[in-house]
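Undergrad: Quick note: to get my numbering, add 177 to the position in the sequence shown (first position is 1).
Glycine included, every Cβ here is placed at the ideal spot set by N, Cα and C.
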Amino acid sequence: MVVESARHRLTRLRLPEEAVTVPDVAHRTRREATEVAPGRLRLDVIFQAPPGQKPDTRYGPSTRLLVSSTPPELLRSGEGAGTDPSRALELDPAVPEGVLHVSAMAASCDDDPSNEYPACHVHQQDWGVPVRLTEAGSDRLPLVPAGMDA
Numbered sequence: 178m179v180v181e182s183a184r185h186r187l188t189r190l191r192l193p194e195e196a197v198t199v200p201d202v203a204h205r206t207r208r209e210a211t212e213v214a215p216g217r218l219r220l221d222v223i224f225q226a227p228p229g230q231k232p233d234t235r236y237g238p239s240t241r242l243l244v245s246s247t248p249p250e251l252l253r254s255g256e257g258a259g260t261d262p263s264r265a266l267e268l269d270p271a272v273p274e275g276v277l278h279v280s281a282m283a284a285s286c287d288d289d290p291s292n293e294y295p296a297c298h299v300h301q302q303d304w305g306v307p308v309r310l311t312e313a314g315s316d317r318l319p320l321v322p323a324g325m326d327a
């Protein structure tokens, strides 16, 4: 379907068969396993509002964080939803590797107090972080939506 906004209508397009055929191999980005220490792991999602915007705290916290793992036994504690972008996780040393699933959302608005109706935005990023537990691994996992850990 194509939206023809100037004509206020939807138009159905016929696509050639090769355009709608699903290929046998899906495109995936594979991330190397991050080595982390067993036990306590500090998860930090570092969100900075884009230039000209500020976190939108008019109706409460501007962030939301959801954490889970595969297998579920990887996390002894720290899973679930909350508003703090940092969280202490407890990893089970008996589970040598797995994937941490992290979903972060943050709201921001224009940072101009004279603007009576600021434009607001919701930013979201999801990560599937493969982890391998090693004694020499890090005790902190920083995740930065579209940016760098400063």
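Could you have a look at proline 322 and say whether DSSP puts it in helix, strand or coil?
TA: If DSSP states are grouped into helix, strand and coil, proline 322 belongs with coil.
Undergrad: Can you list, in chain order, the stretches of the beta strand (DSSP E) that have 3 or more residues and sit fully within the region 268-309?
TA: Counting whole runs of 3 or more residues, the region 268-309 contains the beta strand (DSSP E) stretches 274-287.
Undergrad: Can you tell me where the beta strand (DSSP E) holding glutamate 181 begins and where it ends?
TA: Segment 179-181, the beta strand (DSSP E) holding glutamate 181.
Undergrad: In its own chain, which residues sit with a C-beta less than 6 Å from the C-beta of glutamine 301, not counting the 5 before and 5 after it?
TA: Met282.
Undergrad: Counting only the same chain and skipping the five closest in sequence on each side, list residues whose C-beta sits under 6 Å from that of alanine 214.
TA: Cβ within range, chain order: Gly314 and Asp316.
Undergrad: Would valine 308 pass as a contact of threonine 188 if the rule is Cβ separation under 9 Å?
TA: No, the pair does not count as a contact, with Cβ atoms beyond the cut-off.
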